[in-house]
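Report on one structure; see the data block that follows.
There are 2 protein chains.
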Amino acid sequence: MHNLILANFAMHITLDAHEKQQALALLQQKTVTKRTFLLQPGEVDHHIYFVTKGCLRMFYADQAGQEHNICFYPENWWACDIVSFFKEKPAINTIQALEDSEVFYFTLSRLEELFTKVPKFERFFRILTQNGFELYQKRITGNLSKKAEERYRQFRKQYPGLEQRIAQKHIAAYLGITPTFLSLLRKEFVA
Amino acid sequence: MHNLILANFAMHITLDAHEKQQALALLQQKTVTKRTFLLQPGEVDHHIYFVTKGCLRMFYADQAGQEHNICFYPENWWACDIVSFFKEKPAINTIQALEDSEVFYFTLSRLEELFTKVPKFERFFRILTQNGFELYQKRITGNLSKKAEERYRQFRKQYPGLEQRIAQKHIAAYLGITPTFLSLLRKEFVA
Chain A
1 MHNLILANFA MHITLDAHEK QQALALLQQK TVTKRTFLLQ PGEVDHHIYF VTKGCLRMFY
61 ADQAGQEHNI CFYPENWWAC DIVSFFKEKP AINTIQALED SEVFYFTLSR LEELFTKVPK
121 FERFFRILTQ NGFELYQKRI TGNLSKKAEE RYRQFRKQYP GLEQRIAQKH IAAYLGITPT
181 FLSLLRKEFV A
Chain B
192 MHNLILANFA MHITLDAHEK QQALALLQQK TVTKRTFLLQ PGEVDHHIYF VTKGCLRMFY
252 ADQAGQEHNI CFYPENWWAC DIVSFFKEKP AINTIQALED SEVFYFTLSR LEELFTKVPK
312 FERFFRILTQ NGFELYQKRI TGNLSKKAEE RYRQFRKQYP GLEQRIAQKH IAAYLGITPT
372 FLSLLRKEFV A
């Protein structure tokens, strides 16, 4: 499990043995069962999660109660409401486990401790935030301009294999379409 | 002009005299006339701009040619297509001057040089990216859930005085409404 997160760090920064040990010492771990809420709207998000097993989702529930899935986080993804976590503001989004999952996490105080001890992590989390930004930007412009079919194609590319793991209604709520329309799309792709 | 950007750095990091001098030495400056394009879709964004005078906008033109204003950047704002700049990918957005403007800018290579010389700037640009993320998140969830009137109210709060400086059509293209509807909204607010 540690190897997975160390490999993830190594994507953006080079750490020596002592630095790796400092980072791992500040990480905590937990197991969550399917459907557990890790963040509710109005709470401050006190954790940034790294998924080692299972899958989380972040969604936004509008005033009519309609859920809009913003992102899925299977293995090797970092999950948090970036604004709520780093700015300690009430979250507008919800984070929920879609499968029984195992996660590592930093609290903000431990992450700030890590930034002080190993400043290279400023770079790591800068790049991580930029990656999150890219996903968000794709979501905005995708919804503005791309057809549902194209958004479905991108979902399958971005999350290989996830389609077989989670409920269709969650994929529909990610694509901004009805489950019936998704079912039609899928038939077209399989055909 | 240098004081404006030094005050901006000081919002997130503390620099000594030598570090300030190193940062300023890597900054470049330019003047752009109204309507100048600073970034076109398909180009890589090679500059991160800090506006000291005037106002820029970033917009996304959809396949039907409709312009959606994503953000305005008056004095004291940083402007860039974050994904295109940091990842050196073709931009999907356009950046244009809405007024005669003066800007400082870093190129990516100079910014990377700054990160090496003064690693504190990793922190500064991490926080800047998080702030950009917050704006984006507000735009997504605002468009999903808030009424046009509420979005207009937020625009006025976020950009005090800007309404009198730029064309109404640009505000309408930011709010996602027609100029006629904006005109109705404004009458309601003034009344």
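Chains A and B, in that order, give the protein sequences. One point on numbering: in this note's numbering, the residue at position 151 of the first sequence is 151, and numbering is uninterrupted. Take the position in the second sequence, starting the count at 1, then add 191; the result is the number in this note's numbering. Ideal Cβ placement from N, Cα and C applies to all residues, glycine included.
LYS211 (chain B) and GLU340 (chain B) have their C-alpha atoms spaced approximately 43 Å apart. HIS68 (chain A) counts as buried, since at least 16 other C-beta atoms from the protein chains shown sit within 10 angstroms of its C-beta. Inclusion of LEU289 (chain B) and PHE297 (chain B) in the CB contact set at 8 Å is not warranted, their separation being larger than that value. Closest in C-alpha terms to ASP100 (chain A), from the list A:GLY65, A:GLY54, A:CYS71, comes A:GLY54. Pairing THR224 (chain B) with LYS360 (chain B), the inter-Cα distance amounts to about 19 Å. Across the set A:ALA7, A:LEU56, A:TYR152, A:LYS147, the C-alpha of A:LEU56 shows the shortest separation from the C-alpha of ASN93 (chain A). Rounded to whole angstroms, the separation of the alpha carbons of MET192 (chain B) and ARG123 (chain A) is 28 Å. In the structure shown, ASN76 (chain A) adopts coil according to DSSP, grouped into three states. DSSP places VAL274 (chain B) inside the alpha helix (DSSP H), whose first and last residues are 273-278. The closest CA to that of SER183 (chain A), considering only A:TYR152, A:LEU135, A:ARG165, is found on A:TYR152. Below the 8 Å Cβ cutoff, chain B contributes no neighbours of PHE155 (chain A), its closest Cβ being approximately 17 Å away. Along the segment 359-374 of chain B, there is no position whose C-beta sits under 7 Å from a C-beta of chain A.
Taking 8 Å as the upper bound for CB-CB distance, VAL274 (chain B) and GLU134 (chain A) are in contact here, some 4 Å apart.
Nearest neighbour of PHE50 (chain A) by Cα position, chosen from A:GLY42, A:ARG156, A:TRP78, A:GLN66, turns out to be A:TRP78. For the segment 246-259 of chain B, the residues whose beta carbon sits under 8 Å from a beta carbon of chain A are, in order, TYR251, ASP253, GLN254, HIS259. Setting aside the 5 residues that flank it on each side, ASP81 (chain A) is surrounded in the same chain by LEU39, ASP45, MET58, ALA91, ILE92, ASN93, ILE95, each with a C-beta closer than 8 Å to its C-beta; the list follows chain order. ALA167 (chain A) is classed as exposed because its beta carbon has fewer than 16 other beta carbons within 10 Å across all chains shown.
Secondary structure at TYR136 (chain A): helix, using DSSP grouped into helix, strand and coil. At a cut-off of 8 Å between beta carbons, TYR327 (chain B) contacts chain A. At least one beta carbon of chain A lies nearer than 8 Å to the beta carbon of GLU313 (chain B). Assigned with DSSP and collapsed to three states, THR369 (chain B) falls in coil, not helix or strand. The Cβ of GLN22 (chain A) sits no closer than 8 Å to any Cβ of chain B. The beta carbons of ASN267 (chain B) and LEU195 (chain B) sit closer together than 8 Å. Contact annotation for GLN130 (chain A) against chain B: ILE273, VAL274, PHE277, LYS278, THR320 [CB-CB distance below 8 Å, chain order]. For PHE297 (chain B), none of the residues of chain A pass the 9 Å Cβ criterion, the least Cβ distance being about 14 Å.
GLN213 (chain B) sits close to LYS308 (chain B), with the two beta carbons spaced by under 8 Å. Going by DSSP, ILE204 (chain B) is part of no alpha helix (DSSP H) at all; its letter is neither H nor E.
From the beta-carbon of ARG126 (chain A), the residues of chain B found nearer than 7 Å are GLU313, PHE316, ARG317, THR320. Measuring C-alpha to C-alpha distances from GLU354 (chain B) to each of B:ARG301, B:PHE372, B:PHE263 identifies B:PHE263 as the nearest.
Beyond the five residues adjoining it in sequence on each side, ILE13 (chain A) comes within less than 6 Å, by CB distance, of LYS120, ARG123, PHE124 in the same chain, given in chain order. When Cβ-Cβ separations below 8 Å define contact, PRO119 (chain A) makes contact with chain B. In this structure, the CA atom of ALA201 (chain B) is about 18 Å from the CA atom of ILE239 (chain B).
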